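Chains as they are written, first to last, in this note's numbering: chain H, 306 to 576; chain Z, 240 to 608. The C-beta atom is built at its ideal place from N, Cα and C for all residues, glycine as well. Given the structure is predicted, the values throughout are model-derived calculations rather than measurements. This report concerns only the one structure given below.
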């Protein structure tokens, strides 16, 4: 059960900023389902250009936090700033349009569409997504579609799925779906990707590949916030780690600090 | 015989248009609309009532279609946020509601007495040889367009299979479908030419329906292959994905619902012109399920499948209507029930052996989520 008597000023101290500018910052986020407090007064900050980790034991509220940040769930209280603008009153697709794109814990692909179509769906501001423009501006549509296909193929090649471009996405293996989901998120030209357990249920070789892709895209300027249980992945990728436990902020720090934090160890291993 | 084939072509055309609308809603977007006939009711009554007031037919049809869009907006706006099964319940309710309004608001619709003697398209038209020639030319143009579409479709399918299954030879089943389609199209075309030479009102209506169907088919086909159609299909598969990729899924569902409704509204106008008198009973929920039968038969999400489904449905319908009475083991009262029973049986057999529909893709069924 959540301990409500615990002082909450902890989260306030956690959000004290350092010099680097933050791309995403949230404060005082709370969400209850019925009587269950999934999250209470949680803060998080992701610095521009960083790879930030989000860890915590099962049921700590990590995925709920992702849902609140992307507005797939509406927070009860709290404030989310993305790129300096408040976004919690935006609808989830508008948040994605601003460049904050999420993935899912269990990779979601559109089974009965081809891998390529899955990718093309990610392209933003397509003329052809307007019913009337499809009929009135066929040339513009064709040109954009060609550009988007080129970009899709470049991304698919980089994750090794180009050969599967015309297969049904539903025919992909679990690991390939993760790759497709990642590449599809990249298709949107995101500023920040929320990655929910990219390494879960994936074989070690593929885990390394996924880590490499994340690092490479990060160098190209994409910021990442990653939920992951695989500590090797988290410790090797992230510059900063936030720890949640029982719906509250527990700690934040560099990988080294977190590894030595006795509270974190306690939360994971139990008293 | 010629006139009978004209009747069949008209019925098939109307229900092909009607089912194209449902295909947008269900085949592409996955919206379960069990009250599709509601759009037809609106389209039919609006067109007829306006034209009886002297409004030109074209404008009346457009008005009917616009009102169908408004209906789609109202119903969609209030229910599309709910889970999909609720939409099914609400739509069937709305269609019955509209039929009952048509039945009871006698000042407007004359209730169960029905509407008669309304203006018909080309009703007063007495073509000379020149205009007959033009009409035959139009029919020929449609036939050419159909052949071209067939070629495109078969080539496209061949291409996809090459990419997906790495086959090299031209597959036999595509060839058979092509030949069947050409025979079928040929019958409709030559019968149409004969009917236009010996011009009657129905022949003109047939041509009008074929023109409308061709235009709508081309539009729906183009939209279905566009990024717009891609978003709809994505919503059908898993709406959280397009949502996470920045698509306003509610707005797209609403568009699909309204657009499918607009098409059904146009079908409604032609339905009324074919019947030449309309009663509220012409718009029973059964009509919605005719459209469902057609979409399921042909293959959801496949526009060519819709055309095939409509042809099969009406061929069955007329064969059983005119062949079965020749046997004396069944009386008229039981015949109607028997025909529906057999349709149900056919659908069940189809669901067991080819659940994706006749032109649907088998692989699509075996894919996990």
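The Cβ neighbour count for residue 509(Z), taken over all protein chains shown within 10 Å, is at least 16; the residue is labelled buried.
For residue 398(H), the closest C-alpha among the options 482(Z), 388(Z), 553(Z) and 549(Z) is that of 482(Z). Within its own chain, the residues whose Cβ lies closer than 7 angstroms to the Cβ of residue 284(Z), once the five positions on either side in sequence are excluded, are 341 and 348, listed in chain order.
Nearest C-alpha to residue 315(Z) among 556(Z), 515(Z) and 495(Z): 495(Z). With contacts defined by Cβ atoms closer than 9 angstroms, residue 490(H) and residue 406(H) form a contacting pair. Just measuring C-alpha positions, the residue of 297(Z), 250(Z) and 378(Z) sitting nearest residue 551(Z) is 250(Z). Excluding the 5 residues flanking it on each side, residue 247(Z) has same chain C-beta neighbours closer than 8 angstroms at 553, 554 and 557, in chain order. Taking 3 residues as the shortest admissible run, the stretch 518-553 of chain H contains the following complete beta strand (DSSP E) segments, listed from N- to C-terminal end: 528-532 and 545-550. The beta carbon of residue 263(Z) sits closer than 6 angstroms to the beta carbons of 495, 498 and 499 from its chain, once the five residues preceding and following it are set aside; these are given in chain order. In this structure residue 365(Z) is exposed. Its beta-carbon is surrounded by fewer than 16 other beta-carbon atoms within 10 angstroms.
At least 9 angstroms separates the CB of residue 528(H) from every CB of chain Z.
Beta-bridge partners of residue 391(H) (DSSP): 386(H). Apart from the 5 residues on each side of it in sequence, residue 486(H) sits with its Cβ closer than 6 angstroms to the Cβ of 408 and 412 in its chain, given in chain order. No Cβ of chain Z is located within less than 9 angstroms of the beta carbon of residue 484(H). Note on residue 463(Z): 16 or more other CB atoms within 10 angstroms of its CB, so buried under the neighbour-count rule.
Interface residue (Cβ-Cβ distance to chain Z less than 9 angstroms): residue 418(H) is classified as such.
Taking 4 residues as the shortest admissible run, the stretch 249-317 of chain Z contains the following complete alpha helix (DSSP H) segments, listed from N- to C-terminal end: 276-291. Collapsing the DSSP output to three states places residue 398(H) in a helix. Per the Cβ contact rule, the stretch 448-458 of chain Z is not in contact with the stretch 273-284 of chain Z (fewer than 3 Cβ pairs under 8 angstroms). Contact between residue 545(H) and residue 419(H) does not hold, since their C-beta atoms are separated by about 38 angstroms, which reaches or exceeds 8 angstroms.
Using a CB distance cut-off of 9 angstroms, residue 486(Z) counts as an interface residue toward chain H. Comparing alpha carbon positions, the residue from 351(H), 492(H) and 372(H) closest to residue 343(H) is 372(H). If only uninterrupted alpha helix (DSSP H) runs of at least 4 residues are considered, those enclosed by the stretch 396-468 of chain Z are 411-436 and 440-464. Secondary-structure assignment with DSSP links residue 358(H) through a beta bridge to 531(H) and 546(H).
About 14 angstroms separates the CB atoms of residue 351(H) and residue 334(H); that is not less than 8 angstroms, and the two are not in contact. Judged by beta-carbon spacing, residue 389(H) lies beyond the 9 angstroms limit of residue 531(H), meaning their Cβ atoms are not closer than that value. DSSP assignment within the stretch 526-568 of chain Z yields no whole beta strand (DSSP E) run of 3 residues or more.
Scanning chain H for C-beta atoms nearer than 8 angstroms to the C-beta of residue 458(Z) yields 440, reported in chain order.
With contacts defined as CB atoms closer than 9 angstroms, residue 358(Z) and residue 444(Z) fail to qualify as a contacting pair.
Contacts with chain H (Cβ-Cβ distance below 7 angstroms) from the stretch 461-482 of chain Z involve 461, 462, 465, 466, 467, 469, 470, 472, 473, 476, 477, 479, 480, 481 and 482, listed in chain order.
Here residue 254(Z) is buried: its Cβ has 16 or more other Cβ atoms, across all protein chains shown, within 10 Å.
A residue is called buried once 16 or more other Cβ atoms fall within 10 Å of its Cβ, and residue 243(Z), having fewer, is exposed. Residue pairing by DSSP puts residue 501(H) in a beta bridge opposite 532(H). When only Cα atoms are considered, residue 448(H) and residue 442(H) end up about 10 angstroms apart. In the three-state reduction of the DSSP assignment, residue 338(H) falls in the strand class, which pools E and B. Nearest C-alpha to residue 540(H) among 560(H), 522(H) and 499(H): 560(H).
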